[in-house]
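Last residue of the sequence shown: number 180 in my numbering, and the count goes up by one each step with no gaps.
Ideal Cβ positions, reconstructed from N, Cα and C, are used throughout, including at glycine.
Notes for the one structure printed next.
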Amino acid sequence: MVPSNDPLPFKILLGYMDFPTETNNVAMTEMPHDGATQEERYTWLLDPKDLKGNTGVHYLVVRPIVGPGIKSINATLSITPISAACRFWDESKLDWSTNGCKSASATTSPSLGALSLSLPTSLTRPRTAELFATFAENPLVVSFVASLFGAYLLVVLWARRKT
Numbered sequence: 018m019v020p021s022n023d024p025l026p027f028k029i030l031l032g033y034m035d036f037p038t039e040t041n042n043v044a045m046t047e048m049p050h051d052g053a054t055q056e057e058r059y060t061w062l063l064d065p066k067d068l069k070g071n072t073g074v075h076y077l078v079v080r081p082i083v084g085p086g087i088k089s090i091n092a093t094l095s096i097t098p099i100s101a102a103c104r105f106w107d108e109s110k111l112d113w114s115t116n117g118c119k120s121a122s123a124t125t126s127p128s129l130g131a132l133s134l135s136l137p138t139s140l141t142r143p144r145t146a147e148l149f150a151t152f153a154e155n156p157l158v159v160s161f162v163a164s165l166f167g168a169y170l171l172v173v174l175w176a177r178r179k180t
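As structure tokens, then:
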């Protein structure tokens, strides 16, 4: 959300199948949030759990927060909704999972920020031994390992001559 005036304090209410109120809403927030940039101050991330499984028509109400005696303000609010999800491949279930993974506050329309508690790949000793047994099938890996071994031998020979 990008307001025409910064700072522009306002309250956002999200309703499902009906216009939201202060007491009857799916989610609610006040902006601007803390942040260094305008994008950080005016970004609202909703976790799928916040929507309580409701799919379908949602209504968004934006109410400016103004001082006493002010009847209206003249401002424009540009809203860009995006759908972002953090998922990883769960090898034990052989399916995509969101367990321990959520979108971060750094999420913007061009990029997704993610907070994940899962490791990118699981390593087990039998699997590691299996991978080392087949490393000769990849010429790039063989070349890299051979160059490391060659560099090691050169350093050993150089150190031996220095002593």
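- Put simply, the backbone Cα of residue 91 is about 13 Å away from that of residue 26.
- Between the segment 98-105 and the segment 32-49, the count of C-beta pairs closer than 8 Å stays below three; the two stretches do not touch.
- DSSP places residue 65 within a helical segment (H, G or I) once states are collapsed to three.
- Of 120, 158, 149 and 162, the smallest CA-CA separation from residue 60 is found for 120.
- Bridge pairing for residue 76: 32 [DSSP].
- Ranked by how close their Cα comes to the Cα of residue 77, the residues 31, 24 and 176 have 31 in first place.
- As computed with DSSP, residue 113 is found in a beta bridge with 106.
- DSSP places residue 47 in the strand class (E or B) of the three-state scheme.
- In the three-state scheme derived from DSSP, where H, G and I count as helix and E and B as strand, residue 26 is classed as coil.
- In this structure, DSSP gives residue 156 a helical state, which the three-state scheme calls helix.
- In this model, residue 75 and residue 36 are separated by some 8 Å (Cα to Cα).
- Taking the C-beta atoms as reference points, residue 94 is found nearer than 8 Å to residue 79.
- Separation of residue 33 and residue 107 (C-alpha to C-alpha, rounded to the nearest whole angstrom) is 32 Å.
- The alpha carbon of residue 103 has as its nearest neighbour, out of 109, 64, 73 and 146, the alpha carbon of 64.
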